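Student: Here it is: the structure, laid out below.
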Amino acid sequence: MTDRTAELIARDAAVIAGVEKLRFFPATMASGKGAELTDLEGKTYADLTSTWTAAGLGYGHPRVAEAVAQAYQAPPSAGLSIMHESAVRLGERLLELVDGEGDRRVYLGLAGSDACDVALRCARAATGKQTIVAFEHSYHGGFGLAQSVSGVLVEGGAAPYPHGIFVPYPNPFRPHAGSIEASVDDSLAQVEAALQGGDVACVAVEPILSDGGFVVPPEGFLSRLAELVQRYDTLLLVDEVKMGLCRPGAFNTYELEGITPDIVCLGKSLGGGLPLSAAIGPAWVFDSPPASALLTMAGNPICAAAGLAVLDELVSGDYASRCAKLGEHFMGRLRGLQNGAGIEGGRSAERIGDVRGHGLCIGLELVRDRDSNQVDSDLTRKLVFRCWQLGVTVFSVGENVLEITPPLVISPEQIDRAVEVIDQAICDVIDGKVSDADVAPCSGW
Ligand SMILES: Cc1ncc(COP(=O)(O)O)c(C=O)c1O
Numbered sequence: 122m123t124d125r126t127a128e129l130i131a132r133d134a135a136v137i138a139g140v141e142k143l144r145f146f147p148a149t150m151a152s153g154k155g156a157e158l159t160d161l162e163g164k165t166y167a168d169l170t171s172t173w174t175a176a177g178l179g180y181g182h183p184r185v186a187e188a189v190a191q192a193y194q195a196p197p198s199a200g201l202s203i204m205h206e207s208a209v210r211l212g213e214r215l216l217e218l219v220d221g222e223g224d225r226r227v228y229l230g231l232a233g234s235d236a237c238d239v240a241l242r243c244a245r246a247a248t249g250k251q252t253i254v255a256f257e258h259s260y261h262g263g264f265g266l267a268q269s270v271s272g273v274l275v276e277g278g279a280a281p282y283p284h285g286i287f288v289p290y291p292n293p294f295r296p297h298a299g300s301i302e303a304s305v306d307d308s309l310a311q312v313e314a315a316l317q318g319g320d321v322a323c324v325a326v327e328p329i330l331s332d333g334g335f336v337v338p339p340e341g342f343l344s345r346l347a348e349l350v351q352r353y354d355t356l357l358l359v360d361e362v363k364m365g366l367c368r369p370g371a372f373n374t375y376e377l378e379g380i381t382p383d384i385v386c387l388g389k390s391l392g393g394g395l396p397l398s399a400a401i402g403p404a405w406v407f408d409s410p411p412a413s414a415l416l417t418m419a420g421n422p423i424c425a426a427a428g429l430a431v432l433d434e435l436v437s438g439d440y441a442s443r444c445a446k447l448g449e450h451f452m453g454r455l456r457g458l459q460n461g462a463g464i465e466g467g468r469s470a471e472r473i474g475d476v477r478g479h480g481l482c483i484g485l486e487l488v489r490d491r492d493s494n495q496v497d498s499d500l501t502r503k504l505v506f507r508c509w510q511l512g513v514t515v516f517s518v519g520e521n522v523l524e525i526t527p528p529l530v531i532s533p534e535q536i537d538r539a540v541e542v543i544d545q546a547i548c549d550v551i552d553g554k555v556s557d558a559d560v561a562p563c564s565g566w
């Protein structure tokens, strides 16, 4: 590490609040372009994080850069108290692209957290009901009501919402009720028991449980959940903040199950790197009560212009098909490692318990051995660190899962190189090339 890097690490430690740090390795980046990041020393990394998917179109996408630069020339105030074209146009575009029925509204926000928080608060206010059903290990936001119904955060010590009910999310790799079929039945039975209580304002679900361990539910789960929630005339909120916007191989993940949620939350990649989110749902929900979710810069013309450019690029470039194809390639290569195609006689195979996903939403679960499938959190911590050392940035979720969510502009060649690094890094960690002391300063979750 050079003095320049060491100095930035020290200055970061001295000024940036610990409450907003989730670090897996001491990366100090200077710039990003496409699917790559470059650090202060000029070393380039293949990025498999997209900054937790916020850089969905990659870093510095020219279409977004152009739209933002133009919008900043003469911005017409922000949307709170002044109407302007780009916020209205963005709302219209989202209503065209996100399925739904009847009279709908779009809440424009600044983060996935406020989109989910506002959607949940509106659901409560509009229905006059208090209970929110969410899933264990879920993540819907870093503050407020969204935080208090986020399983991951409540399990980590955040105050739970007093009227929240958490139910298990069916995990095909680790079914909580014996078989996955029994687990789906049990999860749905628990949701139904809550609905029978008669006080449920909303059921909130991630279409892939991402921060909670990248769990891809079995086919049919979401559609059965949607049918159940509809039967009880209750609102279903599908949180697409992390997975949505073409990454899963469809515009939104829920489309893979052919359902139409009542409320859809979007964020992260919607802003192309700028803070922008949206919650889309019935007018009777999102108009109530008026003036109850006031953020001065929500719907601002700069972020709205970025959002419009992102949506135009996603649609005109048919990124959903691109992600479906690239995802098959990526998962195929990872499953190859799992089947012993890796270096040194396929040594990594024994530690790859599961590869799962849709499109470029991919989880790779690490285990102590394939017989026991015991969670290997130590390998996981050291693996993300080693990947960074070898030139790939990737984060982990749950205790032992790599979240592989590269920018949608990644090329097949970049994917191949990243897979080689993951393979090498697993072997290196097995060989003890990363110590406890190396990873101690970056505790992750
Ligand atoms: C599914 C989901 N919803 C909501 C959020 C909150 O988004 P943000 O961190 O942009 O506020 C996240 C963040 O990781 C998320 O994964």
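Plus 121 on top of the position in the sequence shown (first one is 1) and you've got the numbering used here.
Glycine included, every Cβ here is placed at the ideal spot set by N, Cα and C.
Note that the structure is predicted; figures quoted are calculated from it, not measured.
Here's the rule I'm using: 16 or more other beta-carbon atoms within 10 Å means buried, otherwise exposed. How should Ala426 be labelled?
Tutor: buried
Student: Do the CB positions of Asn521 and Gly334 come within less than 9 Å of each other?
Tutor: yes
Student: In this structure, does DSSP put Phe636 in helix, strand or coil?
Tutor: Because residue 636 is not part of the residues shown, which for the chain are 122 to 566, the question remains open.
Student: How long is the line joining the alpha carbons of Leu98 and Gly484, rounded to whole angstroms?
Tutor: No statement about residue 98 is possible, as the shown extent of the chain runs from 122 to 566 and does not include it.
Student: Can you determine whether any heavy atom of ligand 1 sits closer than 8 Å to the C-beta of Gly334, and answer yes or no?
Tutor: no
Student: Tell me which residues pass a beta-carbon proximity test against ligand 1: closer than 6 Å to any heavy atom, given in chain order.
Tutor: Trp173, Ala232, Gly233, Ser234, Cys237, Tyr260, His261, Gly262, Gly263, Glu327, Ser331, Asp332, Asp360, Val362, Lys363, Gly388 and Lys389
Student: Mind checking whether Cys323 and Ala371 have CB atoms under 9 Å apart?
Tutor: no
Student: Between Asp544 and Gly463, which are expected to be in contact by the criterion C-beta below 8 Å, what is the C-beta distance as a whole number of angstroms?
Tutor: 4 Å
Student: Compute the Euclidean distance between the alpha carbons of Leu178 and Val270, then round it to the nearest angstrom.
Tutor: 29 Å
Student: In chain order, what residues of the same chain have a beta carbon less than 7 Å from the beta carbon of Ile547, not counting five sequence neighbours either side?
Tutor: Ser469, Arg472 and Leu504
Student: Could you spell out where the beta strand (DSSP E) holding Cys323 opens and where it closes?
Tutor: Val321 to Val326
Student: Buried or exposed: Leu391, going by 16 or more other Cβ atoms within 10 Å of its Cβ?
Tutor: buried
Student: Leaving aside the five residues before and after Asp224 along the sequence, list all residues of the same chain whose C-beta is less than 6 Å from its C-beta, in chain order.
Tutor: Excluding sequence neighbours, Asp224 sits near Ala404.
Student: Provide the residue span of the alpha helix (DSSP H) that contains Asp497, from first to last.
Tutor: Where Asp497 is concerned, there is no enclosing alpha helix (DSSP H), given that its DSSP letter is neither H nor E.
Student: Locate the beta strand (DSSP E) running through Ser398, then write down its first and last residues.
Tutor: Ser398 to Pro403
Student: Considering only DSSP beta bridges, list what Ala654 is partnered with.
Tutor: Residue 654 lies beyond the range of the chain shown here (122 to 566); nothing can be said about it.
Student: From this set, Thr172, Gly278 and Glu434, which residue's C-alpha is nearest Pro396's C-alpha?
Tutor: Thr172
Student: Please state the DSSP three-state secondary structure of Arg477.
Tutor: strand
Student: Can you list the alpha helix (DSSP H) stretches of 4 or more residues lying completely in the region 493-540, in chain order?
Tutor: 498-511
Student: Give me whichever residues DSSP pairs with Gly153 in a beta bridge.
Tutor: Leu158
Student: For the region 336-384, which segments carrying the alpha helix (DSSP H) assignment without a break, of at least 4 residues, lie completely within its bounds, in sequence order?
Tutor: 342-352
Student: Closer than 8 Å is the cut-off here; do at least three beta carbon pairs connect the region 548-556 with the region 498-512?
Tutor: yes
Student: Helix or strand or just coil, what does DSSP make of Ala255?
Tutor: strand
Student: Does the separation of the CB atoms of Thr174 and Lys389 fall below 9 Å?
Tutor: It is a contact, given that the beta carbons lie within the stated cut-off.
Student: Kindly indicate the opening and closing residues of the alpha helix (DSSP H) around Arg454.
Tutor: Tyr440 to Gln459
Student: Between Asp320 and Lys250, is the Cβ-Cβ spacing less than 9 Å?
Tutor: yes
Student: On a Cα-Cα basis, can you pick out the residue from Cys444, Val385, Gln311 and Asp492 that is closest to Ile106?
Tutor: One cannot answer for residue 106 here, as it falls past the ends of the chain, which runs 122 to 566.
Student: Tell me the DSSP secondary structure of Tyr260 in three-state form.
Tutor: coil
Student: Quick one: residues in its chain with C-beta nearer than 8 Å to the C-beta of Asp490, no 5 flanking neighbours on either side, listed in chain order?
Tutor: Glu471 and Arg472
Student: I'd like to know if the region 373-390 and the region 330-344 are in contact, where contact means that at least 3 CB-CB pairs between them fall below 8 Å.
Tutor: yes
Student: Do you know offhand how far Glu340's Cα is from Arg477's?
Tutor: Straight through space, the alpha carbons of Arg477 and Glu340 are spaced by roughly 13 Å.
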